[in-house]
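Below is one structure, written out as structure tokens; the observations come after it.
Numbering (the working numbering), first residue to last: 6 to 127.
What follows is the structure, given as structure tokens:
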């Protein structure tokens, strides 16, 4: 039998007394998009699969690079993440935390990240 790696979004295991919960994280913004209820499986691999069944509805899968990203980090017109297909117009969300940003802003007011498209707003 060959082990096939499980293809999921990045995740963190939260150990709980009544089972493990899983936090699934956007590959671009590192924002936690979903935390599952405690999951119980016979193996850790089975737990991850059960948790991913619940969590995958909060993600988009980039058809170019394979990353799992949030709606904000995804271009549905081409089914690719914004790293693979950058915005063609001014971005309206911080690429790090996903918070909405005003025009002519250099840094995100929420997390302090320098915004990538500053030159567009000159």
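Note that CB positions come from ideal geometry on N, CA and C, so glycine has one too.
| Item | Value |
| --- | --- |
| Nearest to residue 109 by alpha carbon, out of 101, 97, 116 and 117? | 97 |
| Whose C-beta lies closer than 7 angstroms to the C-beta of residue 18 among residues of the same chain, with five residues either side of it excluded? | 25 and 27 |
| Which full runs of the beta strand (DSSP E) of 3+ residues lie inside the stretch 33-80, going along the chain? | 37-40 |
| State the Cα-Cα distance for the pair residue 77 and residue 48, rounded to the nearest angstrom. | 33 angstroms |
| Please return the same chain residues whose Cβ sits closer than 7 angstroms to the Cβ of residue 91, not counting the five positions on each side in sequence. | none |
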